[in-house]
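Protein chains in written order, with the working numbering: chain A, 3 to 365; chain B, 101 to 328.
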Amino acid sequence: MTMSHVSSIQARLRLAYDQFDLAVDLKLPANGVTVLFGHSGSGKTTLLRCIAGLERPTQGFLKIGETLWQDSDSDFFLPTHRRNLAYVFQEANLFPHLSVRGNLDYAVRRLRTKDRVFPLEQAIELLAIGPLLARLPARLSGGERQRVAIARALAASPDVLLMDEPLASLDEQRKQDILPYLTGLHQALQIPILYVTHSLQEVNQLADHLLVLAAGKAVACGPLAETLTRLDGPMALDRQAASVWQGKLISHEAEYHLSHAEFAGGSLSLPYLDMPIGSPVRIRIYARDVSITLQPPEASSILNILPARVLALSEMGQGQTVVQLAVGDEVLLAHITQKSAMLLGVQPGMAVYVQIKGTSIVR
Amino acid sequence: MLNAADLDTLFLTFRVASLATLLLLLLGTPLAWKLARSRSRWKGVINSIVALPLVLPPTVLGFYLLVLMGPAGVVGKFTQWLGIGTLPFSFGGLVVASVLYSLPFVVQPLQNAFVAMGEAPLEAAATLGAGPLDRFFSVALPLAKPGFLTAGVLGFTHTVGEFGVVLMVGGNIPDKTRVVSVQIYNHVEALEYGQAHWLAGGLLIFSFLVLLLLYNSQQTQALTQSLK
Chain A
3 MTMSHVSSIQ ARLRLAYDQF DLAVDLKLPA NGVTVLFGHS GSGKTTLLRC IAGLERPTQG
63 FLKIGETLWQ DSDSDFFLPT HRRNLAYVFQ EANLFPHLSV RGNLDYAVRR LRTKDRVFPL
123 EQAIELLAIG PLLARLPARL SGGERQRVAI ARALAASPDV LLMDEPLASL DEQRKQDILP
183 YLTGLHQALQ IPILYVTHSL QEVNQLADHL LVLAAGKAVA CGPLAETLTR LDGPMALDRQ
243 AASVWQGKLI SHEAEYHLSH AEFAGGSLSL PYLDMPIGSP VRIRIYARDV SITLQPPEAS
303 SILNILPARV LALSEMGQGQ TVVQLAVGDE VLLAHITQKS AMLLGVQPGM AVYVQIKGTS
363 IVR
Chain B
101 MLNAADLDTL FLTFRVASLA TLLLLLLGTP LAWKLARSRS RWKGVINSIV ALPLVLPPTV
161 LGFYLLVLMG PAGVVGKFTQ WLGIGTLPFS FGGLVVASVL YSLPFVVQPL QNAFVAMGEA
221 PLEAAATLGA GPLDRFFSVA LPLAKPGFLT AGVLGFTHTV GEFGVVLMVG GNIPDKTRVV
281 SVQIYNHVEA LEYGQAHWLA GGLLIFSFLV LLLLYNSQQT QALTQSLK
């Protein structure tokens, strides 16, 4: 396994588009998965295509680590095929005239790097496509095609992996089939992955960093947990707002079908997880599943009750208030009614208890 | 039965059509590729020029070619300067005329094939490190294979079937420019209907069989595509 040699991705891009102008000035981290999230028409795919050189921004400066890909001030534009990247398209976009093996070889024969070559055999194994090698793309299912496309991208040994809604064209079952491979990638790869999606589920599941786009502008950018819970960002105000915590499994309580996991915010009871003690877990806590009390409840059906401190609150309209809380070293969001906030007198700095009605394991 | 002169015309026709088809594919491929991918405002003009032989009477095309390639024409002066004389009433002139006359039958199927494949496979190739020429040979050409089959067959059969342009540019010179269609005309002029039947019937059956082969192969392709 090779370490990333890319220190960071700098992108200052401007492109006049049909409905809006894409204009971003970003510095993205050089490792992990950065999810580009936004609704359709927010410019996330356009941004990815600009980075790939498939669109040519009118003004742009793009640097991947120490390698310059574009600088419109000096009229420099490295064409796509000379950028050491790989791109997984929404439709797998395999070459229909080549077998799966032929598609993989196509990438291997055109390697743009001599060091840090990702072994083809490892790509085949990681995506479990060994049995498919002799087939033509037309004889693969949608999920299989996408796995081959991902393996082909890995075989290209890119410095950066770009993925444009790779799951969007698949049905729910296929998505669930592929997601484990994607989280697996995360561990096997030491290169930055830029992943475009409009699915919050995929954000929660895959992202290490989050870039939120709206109408061609970057409206929030940062580490996942922080960006999800920022009150000045768009994510905390969404009805689906959630906090994502990462921790590890510490014990099982099989008779009640429960497992316990330790987080920076405290330990929580989770639905039973068939994983060994010590396994990393990532959970999502919907803001609407969190309620606030001033005293620890003496008797409650809710198992997960933690002491917390109010950091900030903000009105979301329609009688709702979003409260940002510090729970240990984690940040948690709660959506409560404006009336409850008023009756409890919720204020920044206040010590409270949070009751977490439900958690879901995303990874 | 076919006499020796008839066989000569058949052989000559085959030579003209083969050479013209080869040249058409060589010239037509880059032209079709450019037309399929260009967004230039000249595209309409070039498309119209390429399509002209579809609507013009062959005699009009033949007439202008005759003038251009004749001793006083621009092309004629150039070929004389090159030291190869003038093209009208020669095998070379016949091939040049055939190429122009059959151009749309080759360019249009190729252009359609290049347009139909879309940008997606070419973009995939670019992201995997393939440069423009590499993309053309490794992706565009193989994907346009059915288009090449159609273009080749139509180019060849259309060249075999030409008459007006041949008569204007090539004339009626045995072993040099007398092709099957002209020979049929000669037979009919001489009231040798029996001879005419052999050639005309032969051409009819040949054309039918080639087209049948083409459409059947496309049908099987469409069929296998839909089964996938």
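Think of the CB as a built atom: it goes at the ideal place given N, C-alpha and C, for glycine as much as any other residue.
The structure presented is a predicted model; accordingly, all values stated were derived computationally and were not measured.
Report yes or no: is there a C-beta of chain B within less than 8 angstroms of the C-beta of residue i?
i: Arg16/A; result: no
i: Phe112/A; result: According to the sequence displayed, residue 112/A carries Arg and not Phe. It does: the Cβ of Arg112/A has a partner Cβ on chain B nearer than 8 angstroms.
i: Tyr108/A; result: yes
i: Ile126/A; result: no
Determine the chain A residues that contact residue i at a beta-carbon separation under 8 angstroms, and present them in chain order.
i: Ala220/B; result: Phe91, Glu93 and Asn95
If we cut at 8 angstroms on Cβ distances, does residue i have a partner in chain A?
i: Val215/B; result: no
i: Val265/B; result: no
Which bits of chain A does residue i rub up against, with CB to CB less than 7 angstroms?
i: Pro242/B; result: His99
i: Thr227/B; result: Ala54, Thr82, Leu87, Ala88 and Tyr89
i: Gly231/B; result: His83
i: Val239/B; result: Phe97
Give the C-beta separation of residue i and residue j to the nearest angstrom, bearing in mind that I take them to be a contact with Cβ-Cβ under 8 angstroms.
i: Val325/A; j: Leu315/A; result: 5 angstroms
i: Gly249/A; j: Glu264/A; result: 5 angstroms
i: Val347/A; j: Val312/A; result: The question names Val, yet the displayed sequence has Gly at residue 347/A. 10 angstroms between Cβ atoms; not a contact.
i: Pro121/A; j: Val162/A; result: No, Pro121/A and Val162/A are not in contact; Cβ-Cβ is about 19 angstroms, not under 8 angstroms.
i: Pro106/A; j: Arg154/A; result: Residue identity check: residue 106/A is Leu in the sequence provided, not Pro. That pair is a contact at about 5 angstroms.
i: Gly229/B; j: Ala158/A; result: 7 angstroms
i: Gly145/A; j: Leu187/A; result: Between Leu187/A and Gly145/A the Cβ distance is about 15 angstroms, and since that is not below 8 angstroms, they are no contact.
i: Glu167/A; j: Thr115/A; result: Glu167/A to Thr115/A, Cβ: 26 angstroms. No contact.
i: Gln92/A; j: Ser74/A; result: With a Cβ gap of about 28 angstroms, Gln92/A and Ser74/A do not count as contacting.
Mind listing the chain B neighbours of residue i? Cutoff is C-beta to C-beta under 9 angstroms, in chain order.
i: Ala158/A; result: Thr227, Leu228 and Gly229
Between which two residues does the beta strand (DSSP E) harbouring residue i extend?
i: Thr339/A; result: Glu332 to Thr339
i: Gln326/A; result: Gln322 to Val329
i: Tyr89/A; result: Leu87 to Val90
i: Gln61/A; result: Gln61 to Ile66
i: Leu313/A; result: Asn306 to Gly319
i: Asp23/A; result: Asp23 to Pro31
i: Ala217/A; result: Unbroken run through Ala217/A: none, as it is neither H nor E.
i: Ala353/A; result: Ala353 to Ile358
i: Leu135/A; result: It is not in any beta strand (DSSP E) - Leu135/A carries neither H nor E in the DSSP assignment.
i: Arg284/A; result: Pro282 to Tyr288
i: Asp166/A; result: Val162 to Asp166
i: Asp234/B; result: Not the beta strand (DSSP E): Asp234/B falls in the alpha helix (DSSP H), residues Pro232 to Arg235.
Taking C-beta pairs closer than 7 angstroms, name the residues in chain E that residue i reaches, listed in chain order.
i: Glu223/B; result: The structure shown contains no chain E; its protein chains are A and B.
Just reading off the alpha helix (DSSP H) that residue i is part of, what are its end residues?
i: Asn286/B; result: Val280 to Glu289
i: Tyr258/A; result: Neither: Tyr258/A is in no alpha helix (DSSP H) and is coded neither H nor E.
i: Trp142/B; result: Careful: Trp142/B lies outside any alpha helix (DSSP H) and carries neither H nor E.
i: Ser10/A; result: Per DSSP, Ser10/A belongs to no alpha helix (DSSP H); it is in the beta strand (DSSP E), Ser10 to Ala18.
i: Asp276/A; result: Careful: Asp276/A lies outside any alpha helix (DSSP H) and carries neither H nor E.
i: Thr129/B; result: Ala104 to Arg137
i: Ile180/A; result: Glu174 to Ala190
i: Pro204/B; result: Phe191 to Met217
i: Val102/A; result: Val102 to Val110
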